[in-house]
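Colleague: Chains as they are written, first to last, in the numbering used here: chain A, 20 to 253; chain B, 20 to 253; chain C, 20 to 253; chain D, 20 to 253; chain E, 20 to 253; chain F, 20 to 253. For glycine and all other residues, C-beta sits at the position ideal for the given N, C-alpha and C. These numbers come from a predicted model, not from an experiment. Structure in C-alpha cells, see below.
Right, here's the structure in full:
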C-alpha cells in the first residue's frame, strides 16, 4: 500500500496525522510525507533562507522517526494558492510520482489560508493526476485517490467521522513532533502555544472520544470517484 | 460476530440493509433481524390480525433467504413511541438477548414516524442495555453497541458516509424483498410505488456512488461510547 | 384546490402564513385553518375557559377576514404532545376530513414546545391519514400530502427556500392578525412584543429578500412521498 | 444574578460546567444546581435506593465545593421524558422557584437519552414558567430565560460558540468532580472511562481552543425571546 | 423565456439537466447551452486539438437533440478558474449576450475543480452582467438572474430541493447524452463508469424521490437579488 | 480598544455594521472603516473615476457621522480577489497599521463576489499580519485578531449568533447610510432597492429577534487563535 500525506508546513503532518502515518508504516505501507510550503516565514530570528533550510532538516528528521520519506514542494509560506496553475502542476506531479492508494491532507476550513489552499490543491491534483492530457513528468495515475482530511489545529470546528488508534505509536509521534525544534519555539513565541503539550492533549482527547488511549480523527472527502467500500485508514 | 438489525416494519430491513446482512452472514456472523411493529395496518383487504400474521410469515421467509433469524416485537403499526417505557423495555431486552457487536437501525429523519421512533428506541435501548439496575429478563450487555443508520426510503435527504458492496449478494437481497408479497402489493396500491424496481435502482445508484455495481449506504451514530477505530460494516 | 393550515395557538397562522392563505383563497382554493390548542393559558386576567372562548371567537373572526374556515382541536396550551395517541388521532381525523392537496404547519425548531409538537403531529398525521387500518371517522386520504413549514417567531434560525408574494393581501393579513385583540395585548404584556408591528416588519423583511414589497417564507418537508415537481404555494 | 444549571444525573453538571458555575459564584451570583434524575440505576453493587442516597450526598458535597445549592427532582435514571406532563411541571416549578437570569443545561444531541430529554424539559420549562395559567406552586417568571447548552460527553459532535475561562477555578472544579466517588468508580467499571482524567483533558483541550489554560465550551439556544445583546456567561 | 445553462465540459449539461432543458424547449423557451471548457484533456488517444474538435461536434449534436443552441467558451480542461479576470469577462459576456430569465449551472461542491469553478464563475458573472461600468461587448442585463444548481456527478452529497419531471423527454435526454460518443468511451476507460447506464439510473432514482418515473433535481442559489416568488423551473 | 471594519464597497459597512461601530465609538474605541474597493463601477451616469471620487467623499462623510476614520484600498469594483498576492499585501498592511483588537468584515457567503472575496482577504490578512517574515511597511501584529462576520445583504441565509443593540445610535446609523447619496440612487436604479428603508427594516427585524428596538447581527470566525472568553462586541 502506498500512502501520500500532504501538509502545508513542515510540522503540520506530524502534529495532525503523525500517529496514523506511523501505523501505516508498521503495517508495511510506503508513506510519503510532503509539504507544499517550505516554512520560510515562521521565524523571529532567521532569514527566510535560513529558516527554510532548518525546517527542511527538521521535517526530514521527523519523517525518519515515523519511517516515511519526506519531500518539500518549496512554495513560500503564505503563498500557497489553489488558483495557481504552477502549484497545481507541482502537486499533480507529486501525486503521480507516488501513485498513492490513499491520500491525507488538511481539512478545507482550518485556521489559516495555507492549510485551506493545500486542501484544495490536493483535492484538485488527485483528480488531475488521472487526466492523460494534463501533462507532467510522471505518467497519469489509474484512479482518483480516496482522500481523507486530518484534524484542524486545536480541533476547532472539526467533527471526525473516523478515528485511528495511535496508542501504540504515540511516543513515536510525539518524538516526530519534537524534531521540529525551531517551530516548537516559534509557536510558543508567535501564538503562545505549547505544541508538544497541546498535541498530546489533543491525541488523548480524540482517544477518549473513540474508546482508546490516544487517537487521531479524520473526515473523508465525500465526492464521486473517491468513495470505497472498505476501510483505508489503519 | 453478532449483528442486530432493527427495523420498524417487516420489510424495511430487507429493502434498506438486506444486502449488508447477507454479507455479514457470508462472513460468518450471527444476524438477528427484528421489527418493532407487526405490520398490522398496511392493508386494504385484510384485518389487522390477518395482515400481521401474513407479514410475520413473509418476514420470517425473507430472513431465511438472508440466513438470519427473525423476531417481531409485536407493537402495532403507527404506535411505535420512544417515549413509551414499555417499548423501551422491549427493545432493551431484545438488545440484551442478542448482545450484538454492532447494531443497524433506521435513520432518525426518515419519511414516517414509526421509522424515526424506532431509531430513537434503538439508540436508547442499546445504552439502557448496559445499565445494571435497568432490569429485564436477560443480563446487561458489557458495552454500548456501535450503531449504524441505514438509508431512508427513496434515499431522500440521506448522505451516506460508509458504503457496503452488495454486488455478490444482490439477487439474494432482491429475493428477500420479494418475499414480502403482500407489502409489495400494498405499496403499489398505497403509494404507487414499485418496491422491487425501486430497491434495485437504489442499490445500483448507491453502487455507482462508491464504484461498485450495487451497494447500500450508512451513517454512524456519532456519540460518546459508540465510536471505534476499525470498520464494523462488512 | 384544498389547503389545510395547522397552527399551535389561535393567532399563529395569521401571523406566519395569513397572507399566503389569503392568496390561496383569492385563487379559489378552499382553506381550512385549524389550531391544535385552544389558547387557554395565555392570559393574565381571564380563567382558562374565558380566554379559550375569547380566543376561539378571535380566531374565527380572523379566518373570516382571510376567507377561510376555522377549527380548533381543543387541546390545552402547553399540552400539545406528538407522543400522545389521542392527539395523533385528532389531527389525523382533521387531515382526513379536509383531504388537503397541500398542508402548512409550524417549523419543527420554533421557539416553544407547542409549535414544535404541532409540527410533529402534522407530519405524522398526514402520513397516518393514508393508512386504511388506522381508523378514524373519515375515510383515508389517497396520498401523503406535501407539507410546508412556515416561518418561526421572529424569523429566528429560519432560512426560507420558497417565498410567497403577499403584497396585494398585506392589509388583509394585518387585519386578520388584528382580530386577535386579547393575544396582541397578552404578547405585549407577557413578552414585551408589539405583534402587529413585528408582523409588518417581518413581512417587509421577507419581501425585501425576494424582491417584492411583502412576503412570507417557507421550507418544504423533504421526505419520501412528499415531494412534487410543481409549485404548490400560490 | 441568579443562575440555574440543570443536569440529568448527579455528576453531569460538575463535569460539564462545574468551572463555569464556580466562576459565577466568585462573581457573586447565586447558583442552583439541579439534577432531574437521582442516579438510581448506575451501580453494580448497590440497590436503587442505596445508590440514589449515595449519589445525593455526593452531589450535595460537590455543590458545596463550588459554592452552589443542590436539588434533585428525584426522577429515576432512564426515565427522564420530556413528553411526561408531570416532569414538565416539576422542572417548571424548579425554574419558577429560582427565577434565574440564565439557565444552563445539556445539549440536545448528547450520548444518552436522559441528557437529551433533560435538554428538552428545560427548554420547555423555561418557557412554561412564564405562562400565568400554567399553574405550579411558585409564581410565574417575568421572562423566558436565556439558555446555554453545555458540552457533550467526550465533546463528541459539539462545536462551542462561546467559551468560559476556568483556569483559576480548575482545581476547584476537579475537586467537585472527585466528590462523585461512586460514579467515578462506576464509569470506570461500566464504560472503562477515567472520569477525572478525561475531565481534565477535556478542559485543557477546550482551553487550547480559546487561548487559555482551561476552559468550558457552550452553545446558546437560538430561539425567539432567548437572545440578548450582552454576554451572560462569566 | 430565455434559459442559459452553463456546464464545465461538453457532456455535463446533457447528463445533469438535459431533460429539464428539453422541457424548457417544449414549453417554448429559447435555451442556450454553454460549456466553459472545450474538453481538450479527456482522451487517451487523441491530441488536445483533436479531442476538443470532436467534443465540440458531439456537444453541438447533443444540443440539437434537445432543441438548444450550443456555445463553447474554449477554456482548456483543468484550467477553469473563477479568480481569472479574463474568464470572468468571458462568462459575463456570455450572460449578457443571452440575457437569460433563469440560469442553471454546476453545484459548487461537485467532484472535480472545473465543475466547482464553473459554478463560481457563473454566480459571479450573472451579477457582474448587471454592472454598467463592467464593460464587455454586449449591454448590461437588467436584473441578477435567478440561479439553479444541477445535481452532482453520481448525486453524491446533493439533496435536491426542487425536482423537474423529465419522464416525457427521458429518451430524448438519453439520446443527447449518447451523442457524446468519445466521452462515453473515455469515462468507461478513465473511471470505469457506464455513463448512459448511470444517467438512466440517476434519473429513475430522482424520479422515485418525487413520485414520477424520471426526474432531475436542483437546488437554488439562496442569495439576495436571486430569489423569486414563482417557480422558474419547468 | 482599536476596531477595524473592512467592507467591500463604500456603503457596505454603514448598512451592515454602522450602528455597532457607532456604539464602539461611544464606548471610546478608535474605529477604522476601510473598503477594499473604490466603488468605481456602480453608476449609470458617471465614469469610473468620477464615481470613485464621489463615493470616496460619501464614505468619508459617513465615517465622520459615526466618529470613525475612513480608508479606501482602491481596488476596482468586481476585482477583489483573495488569490491576488498584491491585495493580500494591501490588506495585511492595513491590519498592521491599525493593530486592531477586533475585526469586522463580510460573511463569506454573501450575495456578490466582492463581499465574499473581502471576507477571505481579511481572514487571511489578519493571520498574515502576525507573520514576521511576511514583510510590509508596518510591524507585525502580536496576535491573530478575533474576527466577526456582519450580516448579509437582505439578511439572506444569515443566522446571527451574537447581536448588538443599536437602538440608541439608530438615527446616527441611518444618517451615515444616507451620506451615500449616489449609491442610494444607484441601488434604486440597479436593483430596485430602497436602501434606507430596507436598512431600517432590517435593523428593526434583528432588534425584534433579540428583544430590543434595533440591532445588528453577527457571527464569529470559529477558528484556532481567534476565539476568546469574553465579549468583544459592544
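Would residue 111/F pass as a contact of residue 66/F if the rule is Cβ separation under 9 Å?
Modeller: No, these two residues do not count as a Cβ contact at 9 Å.
Colleague: Let's test the definition: count the other Cβ atoms within 10 Å of the Cβ of residue 208/C and tell me whether it reaches 16, buried, or not, exposed.
Modeller: So residue 208/C ends up on the exposed side.
Colleague: Identify the contact partners of residue 254/C in chain D, using a Cβ-Cβ distance below 7 Å as the criterion.
Modeller: The question about residue 254/C has no answer, for chain C in this structure spans 20 to 253.
Colleague: Is there a Cβ of chain C sitting closer than 9 Å to that of residue 191/E, yes or no?
Modeller: Cβ-Cβ to chain C under 9 Å: no for residue 191/E.
Colleague: Please list, in chain order, the chain F residues whose beta carbon lies closer than 9 Å to that of residue 178/D.
Modeller: Residues of chain F passing the Cβ test: 241.
Colleague: Going by DSSP, what residue range makes up the beta strand (DSSP E) through residue 177/D?
Modeller: No beta strand (DSSP E) holds residue 177/D; DSSP gives it neither H nor E.
Colleague: With DSSP collapsed to three states, give me the class of residue 94/D.
Modeller: Three-state result, residue 94/D: strand.
Colleague: Starting from residue 12/F and walking both ways along the beta strand (DSSP E), at which residues does that stretch end?
Modeller: Given a span of 20 to 253 for chain F in the structure shown, any question on residue 12/F remains unanswerable.
Colleague: Between residue 146/C and chain B, is the shortest Cβ-Cβ distance under 9 Å, so that the two count as touching?
Modeller: Interface residue, yes.
Colleague: Please report the straight-line C-alpha distance between residue 88/A and residue 175/E, rounded to a whole angstrom.
Modeller: One C-alpha to the other measures close to 34 Å.
Colleague: What does DSSP give as the partner residues of residue 108/B in its beta bridges?
Modeller: DSSP lists no partner for residue 108/B.
Colleague: Residues of chain D with CB closer than 8 Å to the CB of residue 252/B, please, in chain order.
Modeller: None at all; the shortest Cβ gap to chain D is about 20 Å.
Colleague: Across the segment 90 to 102 of chain A and the segment 129 to 142 of chain A, are there enough close Cβ pairs to call them in contact, namely three or more that are closer than 8 Å?
Modeller: The answer is yes - the segment 129 to 142 of chain A touches the segment 90 to 102 of chain A, with three or more Cβ pairs under 8 Å.
Colleague: I'd like to know whether the C-beta of residue 110/A is nearer than 9 Å to at least one C-beta of chain H.
Modeller: Reference to chain H is not applicable here, since the protein chains of this structure are A, B, C, D, E and F.
Colleague: So if I threshold CB-CB distances at 8 Å, which residues from the segment 102 to 134 of chain B count as touching chain D?
Modeller: Here the close residues are 102, 104 and 107.
Colleague: Can you give, in chain order, each stretch of the beta strand (DSSP E) that sits fully within the segment 186 to 226 of chain D and has at least 3 residues?
Modeller: Whole beta strand (DSSP E) segments, 3+ residues: zero.
Colleague: Can you pull the chain E residues whose beta carbon is under 7 Å from the beta carbon of residue 168/A, in chain order?
Modeller: Here the premise fails: no neighbours, minimum Cβ distance about 14 Å.
Colleague: For residue 200/B, count neighbouring Cβ atoms within 10 angstroms of its own Cβ and tell me buried if that reaches 16, exposed if not.
Modeller: With fewer than 16 Cβ atoms within 10 Å of its Cβ, residue 200/B is classed as exposed.
Colleague: In whole angstroms, what separates the C-alpha of residue 149/C from that of residue 152/D?
Modeller: The straight-line gap from Cα to Cα measures roughly 37 Å.
Colleague: Hey, out of 171/A, 238/A and 91/A, whose CA is closest to residue 244/F's CA?
Modeller: For residue 244/F, the nearest C-alpha among the options comes from 171/A.
Colleague: When you compare each of 202/E, 169/E and 247/E to residue 225/E by their alpha carbons, which one comes out closest?
Modeller: The shortest Cα separation from residue 225/E among 202/E, 169/E and 247/E belongs to 169/E.
Colleague: Is it right to say residue 27/B is buried, meaning 16 or more other beta carbons lie within 10 angstroms of its own, or is it exposed?
Modeller: Residue 27/B is buried by the Cβ-count criterion.
Colleague: With a Cβ-Cβ cutoff of 9 Å, do residue 38/B and residue 189/B count as a contact?
Modeller: Yes, Cβ-Cβ distance for residue 38/B and residue 189/B is below 9 Å.
Colleague: Got a sec: which bits of the segment 218 to 234 of chain E sit with their beta carbon under 8 Å from any beta carbon on chain B, in order along the chain?
Modeller: Residues 220, 221, 223, 224, 227, 228 and 230.
Colleague: If we define contact as Cβ-Cβ less than 9 Å, is residue 45/F a contact residue for chain E?
Modeller: False, the Cβ-Cβ gap to chain E never drops below 9 Å.
Colleague: Using a C-beta to C-beta distance shorter than 7 Å, which residues of chain D count as neighbours of residue 175/A?
Modeller: Within chain D, the residues near residue 175/A are 228.
Colleague: I'd like to know whether the C-beta atoms of residue 184/E and residue 229/E end up nearer to each other than 9 Å.
Modeller: Yes, Cβ-Cβ distance for residue 184/E and residue 229/E is below 9 Å.
Colleague: Which residues does DSSP list as the beta-bridge partners of residue 236/B?
Modeller: Residue 236/B is bridged to 182/B.
Colleague: Taking the C-alpha atoms as reference points, what is the distance between residue 232/B and residue 23/B?
Modeller: Cα-Cα distance, rounded: 26 Å.
Colleague: Under the assumption that residue 85/B contacts residue 109/B (Cβ atoms under 8 Å), give the Cβ distance between them as a whole number of angstroms.
Modeller: The Cβ separation is near 23 Å, so there is no contact.
Colleague: What first and last residue would you give for the alpha helix (DSSP H) that runs through residue 167/F?
Modeller: It is not in any alpha helix (DSSP H) - residue 167/F instead sits in the beta strand (DSSP E) that spans 166 to 169.
Colleague: Would you report the Cα separation of residue 119/D and residue 157/D, rounded to the nearest angstrom?
Modeller: Those two C-alpha atoms are separated by around 13 Å.
Colleague: Leaving out the 5 sequence neighbours to the left and right, which residues in its chain are closer than 6 Å to residue 90/F when beta-carbon positions are compared?
Modeller: Result list for residue 90/F: 53, in chain order.
Colleague: Would you say residue 249/A faces chain E, with C-beta separation under 9 Å as the test?
Modeller: No - not a single Cβ of chain E is within 9 Å of the one on residue 249/A.
Colleague: Tell me where the beta strand (DSSP E) around residue 24/B begins and ends.
Modeller: Per DSSP, residue 24/B belongs to the beta strand (DSSP E) from 21 to 26.
Colleague: Would a check of beta-carbon distances place residue 212/B closer than 9 Å to chain E?
Modeller: Output row for residue 212/B: interface = yes.
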